[in-house]
Amino acid sequence: MSSDRSMQSSGDSDAHNADSDADAEAVDDAGAEAPQPGLFAAPGFLHLWIAQVVSSFGDWIGLLAILVVANRVGGDQPGGAITLVITARILPGFFLASAGGIIVDRFNRKRLLVICDIARASVLLTIPFIDRVWMLVLASLVLELATSLWSPAKEAIVPNIVPERHLTAANSLGMVAAYGTFFVGGLAFAGMAKLGAAFGWTDIGQVEMALVVDSATFLVAALLIATLPLAPHITAAHRKRDTGRRIDWRQGFRDLREGWDFIFLSPQVRAVLVGLSTGMIAGGMLIPLSVVFNDEILGAGSAGHSTILVVMGVGAGVGVSLVTLLQSVSSRRRERTGHEPLGRTRQFVTSLFLAGGALGLAATVSISLVAYAAVLVLGVAAGSVYVNGVTLLHENVEEVLRGRIFAAMFTLVRFFVLVGMAMGGFLSDGFNWLFDVAFDNEIRIGDWALALPGVRGALWLGALLMLLAGALAGLSLRSRRGVGRRAPRSAGATEGTS
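According to this note's numbering, the sequence shown is numbered sequentially starting from 84.
Below, the structure is given as structure tokens:
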């Protein structure tokens, strides 16, 4: 009987296992056919994105309010005060970004984000009491230091809470949050001014209200980020080893060198940073030259200048949307056929070439409608370049290096935008002299003539720089199979709980 029971038990077990296997296959089939969860279903992304929207909205309001304060405390030299404040918002990113990247990689990033938001909220509440330019410059420096840590820390945690298939959409929404809120922030600041005037408040009262709103947005962002499901990934052995140990400055320099070594060794990272940096020179040149372009080539005046800015902004929004759509279609096709017709690296390089061609066309034509259409295409390409570039970094940089890589990216982009802004006017004047000497500022072939003001030559040079950026990025990516992700050499670069 014992043998019979054993045989029966074995038979029941085999039947149960067969049923389990069948159920598992059914579940697998159902799971394969079930739709993938959307981006906002990713745990924590909605909170992170809302935090970015809220803080960016407040940041634009705060910037406008701080400029008003600079104008007020500047006395007889308000322009100099405004210049000092803007410089204070720019310089920390140049000199301290690399050190900030090391901090982002070595400390608990969620805690760092919360601390930065609370610090910014606290500093903003002190600004209404400032009555000296040096005090406002100091406050601006502290605000920018916190921002220089916040931005790479935020980018470093995105791949931890967003599946890889949704990184493009997440970066598109991040760009919308960062720059799309500029218009809303400007309208809100203007609305506060109207509200203050209706209640009979002075300019000081309006600025105080704007700064309080800005401070509140950072506190809301801190609360949202505190809820993110992020656990520190530092090992217990490393935490125990670092407890009570003095700061190792040599390790910090090794971490810094490691980040730059990775930039030069990884073709994807190198292509993104070279492409963005070179392209940003041309982008920076557009800022001061757009006014001259409207006056001397299109003859549209100040209204045309605002039209160019709006058209470029609309184009960037369209570009961000198109990248997200293309990536979704491309991913589905890859899953079905195993072939991806337009990969992200190809989109990045193609967009750089498209931006250069569009800028060259806009600089060449003298018909407003055609020029605006070219500027629209330029905006589309610029949006695609940024989103694809950031997504490539997310996909190809190990977590322990992300802070340093994104800090380097923000530094290079900011630096080359300023280089382009500084060069634009001088190049325009230089080309104007050259074209005057060589062509008398006009090329004429029969009845056809093309005016050659200096701004046209400067914009042509900008277009060539964008084409060069595409070529350099393409050359770098040709060796992409040689080096991919790699583990860092040192263990000291992991995120900590300090």
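Cβ atoms here follow ideal geometry from the backbone N, Cα and C, with glycine treated the same way. Given the structure is predicted, the values throughout are model-derived calculations rather than measurements.
Where does isoleucine 526 sit, in a helix, a strand or coil, going by DSSP?
In the structure shown, isoleucine 526 adopts extended strand secondary structure according to DSSP, grouped into three states.
Exercise. To the nearest angstrom, how far is it from the Cα of arginine 561 to the Cα of asparagine 154?
Worked result: Each residue's alpha carbon lies about 51 Å from the other.
### Message
Measuring straight from C-alpha to C-alpha, what distance separates valine 151 and glycine 366?
### Response
Cα to Cα, valine 151 sits roughly 27 Å from glycine 366.
With burial defined as no fewer than 16 other Cβ atoms inside 10 Å of the residue's Cβ, what is the status of serine 583: buried or exposed?
There is simply no residue 583 to check, as the chain begins at 84 and stops at 581 in what is shown.
Checklist entry - Taking buried to mean at least 16 other C-beta atoms within 10 Å of its own C-beta, is alanine 319 buried or exposed? => result Unreliable placement is indicated for alanine 319, whose pLDDT of 47 sits below 50; no coordinate value is reported for it.
Are the CB atoms of glycine 462 and glycine 557 within a distance shorter than 8 Å? The answer is no: Cβ separation not under 8 Å.
_DSSP three-state assignment for aspartate 378, whether helix, strand or coil_ = Three-state DSSP puts aspartate 378 in a helix.
- Task: Would you grab the beta carbon distance between glutamine 135 and glycine 257 for me? Rounded to a whole angstrom, and I think it's under 8 Å.
- Result: Between glutamine 135 and glycine 257 a beta carbon distance of about 6 Å is seen, short of the 8 Å cut, so the two are scored as contacting.
| request: Write down every uninterrupted run of the alpha helix (DSSP H) in the segment 388-472 whose length is 4 residues or greater and which is fully enclosed by it, in chain order. | output: List check, alpha helix (DSSP H) in window: 427-447.
### Message
Rounding to the nearest angstrom, what Cα-Cα distance links leucine 313 and leucine 501 in this structure?
### Response
Spanning the two alpha carbons is a distance of roughly 36 Å.
Mind checking which residues open and close the beta strand (DSSP E) that includes leucine 533?
Here the beta strand (DSSP E) through leucine 533 covers 531-534.
Those runs of the beta strand (DSSP E) which lie wholly inside the segment 248-310 and span at least 3 residues: Scanning the segment 248-310 from its first residue to its last, no whole beta strand (DSSP E) run of 3-plus residues comes out.
DSSP state of serine 349, grouped into three classes?
In the structure shown, the three-state DSSP call for serine 349 is coil.
Measuring only the C-alpha atoms, how far is aspartate 523 from leucine 533? If you draw a straight line from the Cα of aspartate 523 to the Cα of leucine 533, it comes to about 11 Å.
What's the gap between the Cα of glycine 327 and the Cα of valine 483?
With a pLDDT of 45 at glycine 327, under the threshold of 50, the modelled position of this residue cannot be trusted; read the value that follows with caution. In this model, glycine 327 and valine 483 are separated by some 22 Å (Cα to Cα).
query: Are the beta-carbon atoms of glycine 507 and methionine 368 separated by less than 8 Å?
result: The beta carbons of glycine 507 and methionine 368 sit closer together than 8 Å.
### Assigned exposure category for lysine 584 - 16 Cβ within 10 Å defines buried
Missing from the structure shown is residue 584; the chain here goes from 84 to 581 and no further.
Worksheet item: Distance, Cα to Cα, leucine 174 vs serine 231?
Response: Approximately 10 Å, taken between the alpha carbons.
So what does DSSP say about isoleucine 213, is it helix, strand or coil?
Three-state result, isoleucine 213: coil.
- Does the Cβ of serine 215 have 16 or more other Cβ atoms within 10 Å, making it buried, or fewer, making it exposed? Checking the displayed sequence, the identity of residue 215 turns out to be arginine instead of serine. Exposure of arginine 215 is indicated by the presence of fewer than 16 other C-beta atoms within 10 angstroms of its C-beta.
Closest by CA to aspartate 512, which one among Gly529, Val496, Leu542, Phe493?
Aspartate 512 has its Cα closest to that of Leu542, out of Gly529, Val496, Leu542, Phe493.
Since glycine 503 and glycine 402 are thought to touch, with beta carbons under 8 Å apart, how far apart are those beta carbons, to the nearest angstrom?
The pair is not a contact, with the Cβ atoms about 20 Å apart (cut-off 8 Å).
Could you round the C-beta distance between glycine 358 and leucine 555 to whole angstroms and report it? I think they count as a contact, below 8 Å.
Sure, about 7 Å apart at Cβ, within 8 Å.
query: Mapping DSSP to helix, strand and coil, what is valine 33?
result: Residue 33 lies beyond the residue range present for the chain, which begins at 84 and ends at 581; the question has no answer from this structure.
- Task: Compare the C-alpha of valine 225 against each of Ser449, Ile370, Asn243, Ser205 and name the closest.
- Result: Residue Ser205 is the option with its Cα nearest to valine 225.
*Is serine 373 buried or exposed, if buried means 16 or more other CB atoms sit within 10 Å of its CB?*
Buried: at least 16 other Cβ atoms inside 10 Å.
Distance, Cα to Cα, glycine 288 vs alanine 148?
Looking at the two C-alpha atoms, the distance is approximately 11 Å.
So, for tyrosine 262: in the same chain, excluding its five sequence neighbours on each side, which residues have a beta-carbon less than 6 Å away from its beta-carbon?
Once the five neighbours on either side are set aside, tyrosine 262 has no close Cβ partner at all.
| Roughly how many angstroms lie between the CA atoms of tyrosine 455 and valine 448, to the nearest whole one? | Those two C-alpha atoms are separated by around 10 Å.
query: Which residue's Cα is closest to the Cα of tryptophan 217: Gly440, Ala171, Pro536?
result: That would be Ala171, whose Cα lies nearest to the Cα of tryptophan 217.
### Message
Let's test the definition: count the other Cβ atoms within 10 Å of the Cβ of phenylalanine 499 and tell me whether it reaches 16, buried, or not, exposed.
### Response
Phenylalanine 499 is classed as buried because its beta carbon has at least 16 other beta carbons within 10 Å across all chains shown.
Give me the Cβ distance between methionine 623 and valine 496, rounded to the nearest whole Å; I'm assuming they're in contact under 8 Å. Not covered by the structure: residue 623. The range shown for the chain is 84 to 581.
Glycine 531 to alanine 445, Cα distance in whole Å? The displayed chain sequence assigns tryptophan, not glycine, to residue 531. In a straight line, the C-alpha of tryptophan 531 is about 18 Å away from that of alanine 445.
Could you give the DSSP three-state label for glycine 158: helix, strand or coil?
-> Glycine 158 falls in the coil class under three-state DSSP.
C-alpha distance - leucine 195 paired with alanine 546, whole-angstrom precision:
Approximately 40 Å between the Cα atoms of the pair.
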